[in-house]
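Just so you know, the protein sequences line up as chains U and R, in that order.
Numbering-wise, the first sequence is residues 0 to 374 according to numbering that gives the first Met the number 0.
Numbering-wise, the second sequence is residues 0 to 620 according to numbering that gives the first Met the number 0.
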Amino acid sequence: MTNITEKKEKARKAKEKVTHEKLLGIVEALYGQFKDEQIPYYMIPTRTKLNLAYNDEAEVWVYGDRESARSCKTVRGAYSLLKTSYTIDFLKKQLNENRSSTLRELYYISEGWKLAKFREQPESDRLIEDLEIITELQREDFHVRPEENGATIFGPLRLKENIERRGQFSERIIHCVDDVGEGGYQIPYNVDNIEFLEHDAKLIIAIETGGMRDRLIENGFDTDHDAIIVHLKGQPARSTRRLLKRMNEEIKLPVVVFTDGDPWSYRIFASVAYGSIKSAHMSEYMATPAAQFIGVRPSDIVNYDLPTDKLSDQDIKALQSELTDPRFGADFWKNEITLQLDIKKKSEQQAFASRGLDYVTDVYLPERLTEMGVI
Amino acid sequence: MVENIAEKLAQKQREISVAEFFEKNRHILGFDSSTRSLITSVKEAVDNALDACEESGILPDILVQIDKIDSNSYRLIVEDNGPGIVKEQIPRVFGKLLYGSRFHTLKQSRGQQGIGISAVVLYSQLTSGKPTAIYSRTGKTKDAHYYELVINTKTNEPEILIERIVDWDRPHGTRIEVEMDGAYVRARKQSIYGYIKSTAIVNPHARITLSEPNGGVEVFERATEVMPVEPCEIMPHPEGIELGTLIKMLRYTERRRLTSFLTNEFARIGQKTAKEICTKAGIDPDVNPNDLSREQARRLRDAFKMVKIIAPPTDCLSPISVELIRKGLEKEYDVDFIATTTRDASVHSGNPFVVETGIAYGGTLPKEDKIDILRFANRVPLLYQQGDCACTHAVERINWRNYDLNQAGGSGIPQGPAVVLVHVASTNVPFTSESKEAIADIPEIVDEIEFAVRDVARSLKNYLVKQKLLAKRKEKEEIIEKVLPKLAEKVAEVTGRERPDIQPIVAKIMGNVLVQKKIEQANGGYNVVIRVKNYSETQKDFNLHDYSQLEVENANPKPKIAGSNGTFDNVWKVSVRPNGEKKFNYFVKITEMHFTDPVVEGILAEMVTGAQALQKKRTNE
Numbered sequence: 000m001t002n003i004t005e006k007k008e009k010a011r012k013a014k015e016k017v018t019h020e021k022l023l024g025i026v027e028a029l030y031g032q033f034k035d036e037q038i039p040y041y042m043i044p045t046r047t048k049l050n051l052a053y054n055d056e057a058e059v060w061v062y063g064d065r066e067s068a069r070s071c072k073t074v075r076g077a078y079s080l081l082k083t084s085y086t087i088d089f090l091k092k093q094l095n096e097n098r099s100s101t102l103r104e105l106y107y108i109s110e111g112w113k114l115a116k117f118r119e120q121p122e123s124d125r126l127i128e129d130l131e132i133i134t135e136l137q138r139e140d141f142h143v144r145p146e147e148n149g150a151t152i153f154g155p156l157r158l159k160e161n162i163e164r165r166g167q168f169s170e171r172i173i174h175c176v177d178d179v180g181e182g183g184y185q186i187p188y189n190v191d192n193i194e195f196l197e198h199d200a201k202l203i204i205a206i207e208t209g210g211m212r213d214r215l216i217e218n219g220f221d222t223d224h225d226a227i228i229v230h231l232k233g234q235p236a237r238s239t240r241r242l243l244k245r246m247n248e249e250i251k252l253p254v255v256v257f258t259d260g261d262p263w264s265y266r267i268f269a270s271v272a273y274g275s276i277k278s279a280h281m282s283e284y285m286a287t288p289a290a291q292f293i294g295v296r297p298s299d300i301v302n303y304d305l306p307t308d309k310l311s312d313q314d315i316k317a318l319q320s321e322l323t324d325p326r327f328g329a330d331f332w333k334n335e336i337t338l339q340l341d342i343k344k345k346s347e348q349q350a351f352a353s354r355g356l357d358y359v360t361d362v363y364l365p366e367r368l369t370e371m372g373v374i
Numbered sequence: 000m001v002e003n004i005a006e007k008l009a010q011k012q013r014e015i016s017v018a019e020f021f022e023k024n025r026h027i028l029g030f031d032s033s034t035r036s037l038i039t040s041v042k043e044a045v046d047n048a049l050d051a052c053e054e055s056g057i058l059p060d061i062l063v064q065i066d067k068i069d070s071n072s073y074r075l076i077v078e079d080n081g082p083g084i085v086k087e088q089i090p091r092v093f094g095k096l097l098y099g100s101r102f103h104t105l106k107q108s109r110g111q112q113g114i115g116i117s118a119v120v121l122y123s124q125l126t127s128g129k130p131t132a133i134y135s136r137t138g139k140t141k142d143a144h145y146y147e148l149v150i151n152t153k154t155n156e157p158e159i160l161i162e163r164i165v166d167w168d169r170p171h172g173t174r175i176e177v178e179m180d181g182a183y184v185r186a187r188k189q190s191i192y193g194y195i196k197s198t199a200i201v202n203p204h205a206r207i208t209l210s211e212p213n214g215g216v217e218v219f220e221r222a223t224e225v226m227p228v229e230p231c232e233i234m235p236h237p238e239g240i241e242l243g244t245l246i247k248m249l250r251y252t253e254r255r256r257l258t259s260f261l262t263n264e265f266a267r268i269g270q271k272t273a274k275e276i277c278t279k280a281g282i283d284p285d286v287n288p289n290d291l292s293r294e295q296a297r298r299l300r301d302a303f304k305m306v307k308i309i310a311p312p313t314d315c316l317s318p319i320s321v322e323l324i325r326k327g328l329e330k331e332y333d334v335d336f337i338a339t340t341t342r343d344a345s346v347h348s349g350n351p352f353v354v355e356t357g358i359a360y361g362g363t364l365p366k367e368d369k370i371d372i373l374r375f376a377n378r379v380p381l382l383y384q385q386g387d388c389a390c391t392h393a394v395e396r397i398n399w400r401n402y403d404l405n406q407a408g409g410s411g412i413p414q415g416p417a418v419v420l421v422h423v424a425s426t427n428v429p430f431t432s433e434s435k436e437a438i439a440d441i442p443e444i445v446d447e448i449e450f451a452v453r454d455v456a457r458s459l460k461n462y463l464v465k466q467k468l469l470a471k472r473k474e475k476e477e478i479i480e481k482v483l484p485k486l487a488e489k490v491a492e493v494t495g496r497e498r499p500d501i502q503p504i505v506a507k508i509m510g511n512v513l514v515q516k517k518i519e520q521a522n523g524g525y526n527v528v529i530r531v532k533n534y535s536e537t538q539k540d541f542n543l544h545d546y547s548q549l550e551v552e553n554a555n556p557k558p559k560i561a562g563s564n565g566t567f568d569n570v571w572k573v574s575v576r577p578n579g580e581k582k583f584n585y586f587v588k589i590t591e592m593h594f595t596d597p598v599v600e601g602i603l604a605e606m607v608t609g610a611q612a613l614q615k616k617r618t619n620e
């Protein structure tokens, strides 16, 4: 055990050194600019859908070449630089002391920074993402972690989780049906501490809502179809997306995504399969290009005659925005989105209950999975 | 139009009753809805009160009181401190349609045809069945007279029900009390409140007290004690006179010779011009004007256009004035900026007119809504038919984006926290209809309004540009004073180095000239380097002063040495192009250096970073 601990300790130290240098490099550059009589600035890729580029190799969407400068020429830029330097100062100290903090804690810590204080948590979250992009590291390397979001796995899979607490390393082996309750195995924030040992599954089904996940488990969908059921819990956390990608690549299981039939849900699928706009710098690490969309498709709304709600103004705007989003460039999405704008309706995945509680597991999903060639 | 309807009325007065006439024409008289009827009644009474006060040089003090009687009927009381009405006239002023003193004069006044107040009396008796009560007193030593009267709708004559002398606390003035059907609204511009507020803006010499049905009392206090200049009567001007009017004038004149008619009944025609007109028209100057044929009248009118006639006198008009429009807007709106203008008088169809405008911006005005246009004709607010009015059309055809206001689609009424006021004063304001709510699109008038609105819009734009520059300057100051020092401190702390000098960055952000003085100890003395870098966009020429305790050595370039009152004032003439850099070196053999900042002369202090600026000799920038 001590041997493992030492080895891991050493690897961690090496990584920390790199992190330290890269973060400091940003501040060094600012210092150099002061000395060279340049108005301090740094460049960062533009983080909008207009700057998404397809990476052929990884088959995911990443940031393109557009960059924007953050500089002391504007008040906003000046404050942004000040906040960056304070944050790096904090991260540096945290790394030196081998401590870690959550994104939320970082936001509260900035309370004492006066002028450099963050106005709201999304601002500090975003700055950490910016630092990831500039340093090409991940926030875990800065010892910053997200809040647990409680996404779960349930299904015939045995895995090993490596745990580090207070400098001590240990392992735990868990079967995602036998060793867990009905709630399933909770996905940890650092998915790379997991090893997959063995499985009995033929497919992975990722589900947006808790209600539908529970329906599948109650109806025994996992045993009937040898499925691993992953609950996305809305827009999936990075750890959930990373886990899906690893399962897809390492144990070679097909991934299908089942969401509501509205524009927001299509974005959930897009972030799983193609990468999200907000963290396109992580797409190669987190997106599962092989993931397929089951539904609810707008054509399902028509074909299965599902109960519907009217599209709201925001829904319509979101759909129109998706028509110009490069991630939805495929004909499939163009046709489905145009159809939805046409019928002006949306349906939730639980709308299948109108045909009886078993309809979704006995009819819809098997039909769709056969159609898609998954079973 | 005015003449036409008057003639028509005169002919028909015996054939149809006035009640019938009223019923048929209530929409054009402003009594088409119950809300509007009440507003129109207030308007007629207040217009009369203001006119009466001004004609006799009294600062108006007017009470408007509206009491609710039941769900759709109200009692309206309007009381003024005017000159009062002589006893004999009272019944006719209130009890006879088309009776008034201003019917045929050419003079800027609020009311013009005398339909006004008697129409209120008629509307009141038709809807409430009750008579109108009038108090009037012409002076302290005179009796106050009280009347209750109705209009005999068959004969258009007043019918007096009560007539007596009463005690009245006013030394002089008039009070009218009427009951009528109506509806009282407050929340919009087209309301009694809106009318009074608008009236208060353009009549800053008046105090108006409004007592509303809900018991609320609001005093619109006067902003000036100065009476507006009393407009005078003038003769019609020949330019643009209509043929019909000319024929009528020719027919009814008592002058016996055409030249005499021309010189006496028109403005701006003298003997010489009169003869010239007759020659051009080919008519004998001595002919009796009553005998002119229609054809001759037409030639006469054509001849008016062929000779040069001076524009009509404009001293007959009484504009509000730029100061008083400003005061009026100031007291009724809480805003950041006001601009006002009064144009020179112009002429339309022989009638002189003056356009005045004002714009109020910012403060508590709503930011997203379309702007309000306050329209006035001879100081009377126009509340209805905004879309048909020349004032609106002039505002709409301006590209407001040029003046930094939003304008959806680049035309129409702009949006933003602004109010535009337009006042047209004329001896004859041309309205689109008899209800006198919209000024007609006479090209001369629309153009003048447009010019006047552009005038104030330009002032607004200048103000906004200045505000923007100020905001930008403030923003830069925030960067250099608050953020930059903190950033320099933090990057020094994180990198573990010495704090960098922020002056060069400050100069660069501000676009200033940087003056940097560096001192190094060497050879038993000090080397001094003064570096001047021009981060501005223009060439800068100025004098650079640096003081030393002893005479400098090895200076490059050599300074001129001015007055040595214990210290040496080393002066260099500096000329640097944008982005150019100059260095000034010297050595002083001294053991202890007394450090002073360099001083510059001939350049504005706010254009320099790192040096004091002497303000005496300023070059023209």
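C-beta: ideal position from N, C-alpha, C; glycine also.
These numbers were taken from a predicted model, which means no experiment stands behind them.
- Distances from the alpha-carbon of R:Val92 to those of R:Lys67, R:Asp66, R:Asp69 and R:Val120 put R:Val120 closest.
- Every unbroken stretch of the beta strand (DSSP E) spanning 3 or more residues and falling wholly within the region 254 to 314 of chain U is given here in chain order: 254 to 257 and 291 to 294.
- When C-beta atoms of the region 342 to 349 of chain R are compared with those of the region 438 to 448 of chain R, three or more pairs fall below 8 Å, so the two segments count as touching.
- Bounds of the alpha helix (DSSP H) holding U:His224 are Phe220 to His224.
- Looking at the backbone, the Cα of U:Asp129 and that of U:Ile43 are separated by about 7 Å.
- Around the Cβ of R:Pro556, a 10 Å sphere holds fewer than 16 other Cβ atoms; the residue is exposed.
- For U:Lys309, the closest alpha carbon among the candidates U:Lys333, U:Asn302 and U:Leu340 is that of U:Leu340.
- Bounds of the beta strand (DSSP E) holding R:Val531 are Gly524 to Asn533.
- The shortest CA-to-CA distance from R:Lys366 to any of R:Thr223, R:Asp335 and R:Cys388 is the one to R:Asp335.
- When DSSP states are grouped into helix, strand and coil, R:Ser190 belongs to the coil group.
- Against chain U, the CB of R:Lys485 has a partner CB under 9 Å away; the residue lies at that interface.
- In the DSSP assignment, R:His544 forms a beta bridge with R:Val570 and R:Val598.
- With respect to the C-alpha of R:Pro284, the residue from R:Ala266, R:Ile309, R:Met305 and R:Arg254 having the closest C-alpha is R:Arg254.
- In this chain, the beta strand (DSSP E) harbouring R:Val216 covers Val216 to Phe219.
- For R:Gln414, the secondary structure class from DSSP, reduced to helix, strand or coil, is strand.
- For U:Trp60, the secondary structure class from DSSP, reduced to helix, strand or coil, is strand.
- Rounded to whole angstroms, the separation of the alpha carbons of R:Asn377 and R:Thr431 is 15 Å.
- As DSSP reads the structure, R:Ala132 sits in a beta bridge with R:Glu147 and R:Glu176.
- C-alpha of R:Glu329 to C-alpha of R:Ile370: approximately 17 Å in a straight line.
- Within chain U, no C-beta atom comes nearer than 7 Å to that of R:Thr341; the closest sits roughly 42 Å away.
- Rounded to whole angstroms, U:Lys91 and R:Pro499 show a C-alpha spacing of 21 Å.
- In chain order, Ser317 place their CB closer than 6 Å to the CB of R:Pro227, counting only its own chain and leaving out the 5 sequence neighbours on each side.
- Residue burial annotation: R:Lys139 is exposed, with fewer than 16 other C-beta atoms found within 10 angstroms of its C-beta.
- Cβ-Cβ separation between U:Glu15 and U:Leu94: approximately 6 Å, consistent with a contact (criterion under 8 Å).
- Under the Cβ distance rule, U:Gln93 does not count among the residues neighbouring chain R, no pair being separated by less than 9 Å.
- Between R:Val493 and U:Val26, the C-beta gap is smaller than 9 Å, which places the two residues in contact.
- Counting only the Cα atoms, U:Gln313 lies some 10 Å from U:Gln319.
- The secondary-structure analysis by DSSP pairs R:Gly357 across a beta bridge with R:Thr339 and R:Leu420.
- For U:Leu130, the uninterrupted alpha helix (DSSP H) run begins and ends at Gln120 to Thr134, by DSSP.
- U:Pro187 places its beta carbon 9 Å or farther from that of U:Glu163.
- By the neighbour-count criterion, in which 16 or more other beta carbons inside 10 Å mark a residue as buried, U:Phe257 falls on the buried side.
- A Cβ-Cβ contact shorter than 9 Å links R:Glu147 with R:Ile161.
- The three-state secondary structure of R:His26, taken from DSSP, is helix.
- Here R:Ile38 is buried: its Cβ has 16 or more other Cβ atoms, across all protein chains shown, within 10 Å.
- DSSP places U:Tyr41 inside the beta strand (DSSP E), whose first and last residues are Tyr40 to Pro44.
- Contact of R:Pro227 with chain U is not assigned, every C-beta pair being separated by 9 Å or more.
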